[in-house]
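Numbering (full-length UniProt numbering), first residue to last: 1 to 167. We treat Cβ as the ideally placed atom computed from N, Cα and C, and that holds for glycine. None of the values given here were measured: they were computed from a predicted structure.
Here it is in structure tokens:
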């Protein structure tokens, strides 16, 4: 509910994603593609930037991903958050997927596979106790990073928990 409004797939059966242009820049650098960074920051700053934001509509995300993949496919796939848990693609190795493609295949398979990725992320990052203790600040920090307060992520989690607890 908090990450992707409760759905792992769009109406066209593609996984819900959010393409992050600042992550594209980071992933290109990590993947030894500095020349591509320079090229994209001039030609496509909407797809590669030091700045966050510029997301556009949810319906445009796969188009943005596909456009970025024309420059460097792996970096583009690693630069999107995927599925019901909005797990970043660059976590594929830490989450023990055999390859980036295995992670992507799982995101396209079904919501159960997307939930598995989310659970792997929670486990690998030591967030199980934060969930058990309903420590929404600790969970939000661990799941979304130090910028979680900008979007009141912890408050949204607490409110969603209270809502579902009442039902």
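Rank the options by C-alpha distance to the C-alpha of residue i and give the top, closest one.
i           : options             : result
residue 83  : 5, 167 and 166      : 5
residue 61  : 80, 51, 70 and 23   : 80
residue 8   : 117, 51 and 164     : 117
residue 54  : 165, 145 and 22     : 22
residue 66  : 31, 19 and 105      : 19
residue 11  : 32, 46, 59 and 41   : 59
residue 44  : 24, 151, 152 and 16 : 24
residue 145 : 110, 125 and 72     : 125
residue 119 : 96, 164 and 133     : 96
residue 121 : 89, 40, 42 and 30   : 89
residue 50  : 77, 72 and 27       : 27
residue 100 : 112, 111 and 87     : 87
Three-state secondary structure (DSSP) at residue i?
i           : result
residue 17  : strand
residue 82  : strand
residue 87  : strand
residue 27  : helix
residue 133 : coil
residue 150 : helix
residue 58  : helix
residue 22  : helix
residue 97  : coil
residue 142 : helix
residue 49  : coil
residue 7   : coil
residue 127 : coil
If you follow the beta strand (DSSP E) that residue i is part of, which residue opens it and which one closes it?
i          : result
residue 67 : No beta strand (DSSP E) holds residue 67; the alpha helix (DSSP H) holding it covers 61 to 69.
Quick one: give me the first and last residue of the alpha helix (DSSP H) that residue i is part of.
i           : result
residue 119 : 111 to 124
residue 11  : Counting along the chain, residue 11 falls outside any alpha helix (DSSP H), and DSSP gives it neither H nor E.
residue 155 : 153 to 166
residue 39  : 34 to 43
Please report the Cβ distance between residue i and residue j, rounded to the nearest whole angstrom; I am assuming they are in contact, meaning their Cβ atoms lie under 8 angstroms.
i           : j          : result
residue 166 : residue 1  : About 14 angstroms; that fails the 8 angstroms criterion.
residue 47  : residue 64 : 6 angstroms
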